[in-house]
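Residue numbers (our numbering): 130 to 375.
Right, dumping it as structure tokens:
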């Protein structure tokens, strides 16, 4: 048994506008319904397809708090020229340069129009076939332990695990990596980004929730109301949602 990572969920004041930004950034399509949710995905995307790429879902909330972000997206590039062009294009779309104390590094740190941090990486061989999203990166206290939880939850393969860094990827070798980096600081009250997962076809949501809790997940303090998904927190308190199978 395992769940499938389907999307990174971003909070926004204006989901349609932020969805359009991320669609332009990724070369995908934004399909906002005007009801507070704007999925961003490649043309022809079918989220029930087990081989579908990890996408972005922008959700409107009344007042997203500005806090230290524990999860961000890294974008892949294929050359130095591509990196420079992508950064310039993102700035023209409304992104801004961000200084988080990164110093002189080969990647570029930006913030989207609502302040969500992300990185445009220099070309790296490890990300040559991931698509536009190279990795979803999580700051944490124990990369090895958190990678163990998520590896078991998703059935993903460990590609590198140390005390300070861990990298997972789908066993099929498709899509982005899920990476964990040791970082100072504890859990925040509100996370602007979280992961959404879904059981595979034929598996039951309740059974997967029970399995995830046995692995170390706990019920979240977040109250989603009367919805079809279940909100849990991983062993370091990062909220994630277990969606109902389509």
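Note that CB positions come from ideal geometry on N, CA and C, so glycine has one too.
- Taking the DSSP output, what are the residues bridged to residue 311? Within the chain shown, numbered from 1, the residue matching residue 311 stands at position 182. Note: residue 311 is bridge-paired with 269 in the DSSP secondary-structure output.
- Query: Which residues in the same chain as residue 225 place their Cβ atom closer than 6 Å to its Cβ, once the five residues preceding and following it in sequence are excluded?
  - Reply: Stepping through the chain shown from its first residue, residue 225 is reached at position 96. Once the five neighbours on either side are set aside, the close Cβ partners of residue 225 are 240.
- Using the Cα positions of residue 248 and residue 154, report the straight-line distance between them to the nearest angstrom. Residue numbering aside, residue 248 sits at position 119 when the chain shown is read from its first letter. Residue numbering aside, residue 154 sits at position 25 when the chain shown is read from its first letter. The C-alpha of residue 248 lies about 12 Å from the C-alpha of residue 154.
- Item | Chain-order list of residues whose beta-carbon lies under 8 Å from that of residue 228 (same chain, five-residue window excluded) | Working through the chain shown from its first residue, we reach residue 228 at position 99. Once the five neighbours on either side are set aside, the close Cβ partners of residue 228 are 238.
- Item | Nearest-angstrom Cβ-Cβ length linking residue 349 and residue 373, presumed shorter than 8 Å | Counted from its first residue, the chain shown places residue 349 at position 220. Counted from its first residue, the chain shown places residue 373 at position 244. Wrong, their Cβ atoms sit about 17 Å apart, outside the cutoff.
- Query: Do the CB positions of residue 159 and residue 152 come within less than 8 Å of each other?
  - Reply: As a first step, residue 159 must be located in the chain shown, where it is residue number 30. As a first step, residue 152 must be located in the chain shown, where it is residue number 23. Yes.
- Just to confirm, are residue 272 and residue 306 a CB contact at a threshold of 8 Å? By one-based count along the chain shown, residue 272 stands at place 143. By one-based count along the chain shown, residue 306 stands at place 177. No, the pair does not count as a contact, with Cβ atoms beyond the cut-off.
- Item | Distance between beta carbons of residue 147 and residue 187, contact taken as under 8 Å | On the chain shown, residue 187 is found 58 positions in, with the first residue counted as 1. On the chain shown, residue 147 is found 18 positions in, with the first residue counted as 1. At roughly 5 Å, the Cβ-Cβ gap stays under 8 Å, so residue 187 and residue 147 are in contact.
- Return the chain-ordered ranges of every alpha helix (DSSP H) run that is complete within the segment 138-198 and spans a minimum of 4 residues. Listed in chain order, the complete alpha helix (DSSP H) runs (minimum 4 residues) inside the segment 138-198 are 144-155.
- Message: So for residue 281, helix, strand or coil by DSSP?
- Response: Indexing the chain shown from 1 puts residue 281 at position 152. DSSP places residue 281 in helix when its eight states are reduced to three.
- One or two residues paired with residue 385 in a DSSP bridge: Here the chain covers residues 130 to 375 and nothing more, so residue 385 does not appear.
- Task: Could you check the C-alpha separation between residue 168 and residue 184 for me, to the nearest Å?
- Result: Position 39 of the chain shown holds residue 168. Position 55 of the chain shown holds residue 184. If you take the alpha carbons of residue 168 and residue 184, they lie about 8 Å apart.
- Distance, Cα to Cα, residue 219 vs residue 290? Translated into positions along the chain shown, residue 219 becomes position 90. Translated into positions along the chain shown, residue 290 becomes position 161. Each residue's alpha carbon lies about 32 Å from the other.
- Query: Looking at C-alpha atoms only, which residue of 257, 171, 164 is the closest neighbour of residue 157?
  - Reply: Taking the chain shown and counting its residues from 1, one reaches residue 157 at position 28. Minimum Cα distance to residue 157 is reached at 171.
- Query: Ends of the beta strand (DSSP E) at residue 240?
  - Reply: Taking the chain shown and counting its residues from 1, the one referred to as residue 240 is at position 111. Per DSSP, the unbroken beta strand (DSSP E) holding residue 240 starts and ends at 237-240.
- Task: Excluding the 5 residues preceding and the 5 following residue 274 in the sequence, name in chain order all residues of the same chain whose CB lies nearer than 7 Å to its CB.
- Result: As a first step, residue 274 is located in the chain shown; it is residue number 145 there, counting from the start. Excluding sequence neighbours, residue 274 sits near 364.
- Query: Which residues bound the beta strand (DSSP E) around residue 324?
  - Reply: Locating residue 324 in the chain shown gives position 195, where the first residue counts as 1. That run of the beta strand (DSSP E) goes 322-328.
- Could you check if residue 195 is buried or exposed, using at least 16 other CB atoms within 10 Å of its CB as the buried criterion? Sequence index remark: in the chain shown, residue 195 carries index 66 (1-based). Unreliable positioning characterises residue 195 in this predicted model, as indicated by a pLDDT of 48, which lies under 50. The coordinate reading is nonetheless provided below. Under this definition residue 195 is an exposed residue.
- Residues of its chain near residue 149, where Cβ-Cβ distance is below 6 Å and the 5 sequence neighbours each way are ignored: Walking along the chain shown from the start, residue 149 turns up at place 20. Answer for residue 149: 159, listed in chain order.
- Rounded C-alpha distance that separates residue 190 from residue 166: Here the question's residue 190 lines up with position 61 in the chain shown. Here the question's residue 166 lines up with position 37 in the chain shown. The alpha-carbon atoms of residue 190 and residue 166 are separated by roughly 10 Å.
- How would you label residue 199, buried or exposed, when you count the other beta carbons within 10 angstroms and need 16 or more for buried? By one-based count along the chain shown, residue 199 stands at place 70. It counts as buried.
- Query: Could you check where the alpha helix (DSSP H) with residue 257 kicks off and where it finishes?
  - Reply: As a position in the chain shown, residue 257 is number 128, starting the count at 1. Residue 257 -> no alpha helix (DSSP H), and no H or E assigned at all.
- Task: Give the DSSP-derived three-state secondary structure of residue 210 in the structure shown.
- Result: Along the chain shown, one-based indexing puts residue 210 at 81. DSSP places residue 210 in the helix class (H, G or I) of the three-state scheme.
- Query: How would you write the range of the alpha helix (DSSP H) that residue 346 sits in, first residue to last?
  - Reply: In the chain shown, counting from the first residue as 1, residue 346 sits at position 217. Going by DSSP, residue 346 is part of no alpha helix (DSSP H) at all; its letter is neither H nor E.
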